[in-house]
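First residue of the sequence shown? That's 8 in our numbering, and the numbers climb one at a time after it.
Using N, Cα and C, we set each Cβ at its ideal position, and we do this for glycine too.
Presented below is the structure to which this report refers.
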Amino acid sequence: MAFDPAEEIERFHAAINALDFPVIEAYFAEDATYVSNGVGSLAGRGEIMAAFRKYFDDYPDQTAENSLVETLTPLSGRAVWSLRATHGKTGRPLIREGEETITFNTEGRIIRVDVTDYKDF
């Protein structure tokens, strides 16, 4: 069966929605890069996972959904998403909309994520 980046992105996002950190971590290549206007540039699986854990410590009730997931190349895809969450300590709501391009290596591991939020948060 051929690798389908769009299907893999759907599975990756399902793991994030389930807060399944072992599965999320397994998606990232050791030398992955994660670039977002919200968190800046993160280098390496360890740094990326530390940021994921901190974010979900702050926003444990996040709900996210994709409005579009598409394959761009044989090893990349794009998702357009929206999310809602509440800061666990301050009670401040967070509403985000944006898109991300995810690039995989030939083993199906994520090597790069580029996130663009449509508005600053």
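Where residue i and residue j are concerned, what is the direct C-alpha to C-alpha distance, given to the nearest angstrom?
i, j, result
"residue 12", "residue 91", "25 Å"
"residue 103", "residue 29", "25 Å"
"residue 74", "residue 17", "11 Å"
"residue 70", "residue 101", "11 Å"
"residue 20", "residue 62", "15 Å"
"residue 65", "residue 124", "18 Å"
"residue 37", "residue 26", "20 Å"
"residue 5", "residue 39", "Nothing about residue 5 can be read from this structure; the chain reaches only from 8 to 128."
"residue 85", "residue 76", "6 Å"
"residue 93", "residue 32", "24 Å"
"residue 83", "residue 97", "37 Å"
"residue 51", "residue 121", "14 Å"
"residue 79", "residue 109", "9 Å"
"residue 56", "residue 99", "23 Å"
"residue 67", "residue 81", "33 Å"
Just list the residues that DSSP pairs residue i with in beta bridges.
i, result
"residue 117", "35, 111"
"residue 122", "43, 107"
"residue 48", "42"
"residue 9", "Paired residue(s): none; residue 9 is not in a bridge."
Where do the N-terminal and C-terminal ends of the alpha helix (DSSP H) with residue i fall, by residue?
i, result
"residue 53", "52 to 65"
"residue 24", "12 to 24"
Report the CB separation of residue i from residue j in whole angstroms; it is logged as a contact under 8 Å.
i, j, result
"residue 72", "residue 89", "6 Å"
"residue 128", "residue 15", "Residue 128 to residue 15, Cβ: 26 Å. No contact."
"residue 117", "residue 35", "5 Å"
"residue 87", "residue 114", "Residue 87 to residue 114, Cβ: 26 Å. No contact."
Going along the chain, which unbroken runs of the beta strand (DSSP E) with 3 or more residues stay wholly within the region 76 to 100?
83 to 93
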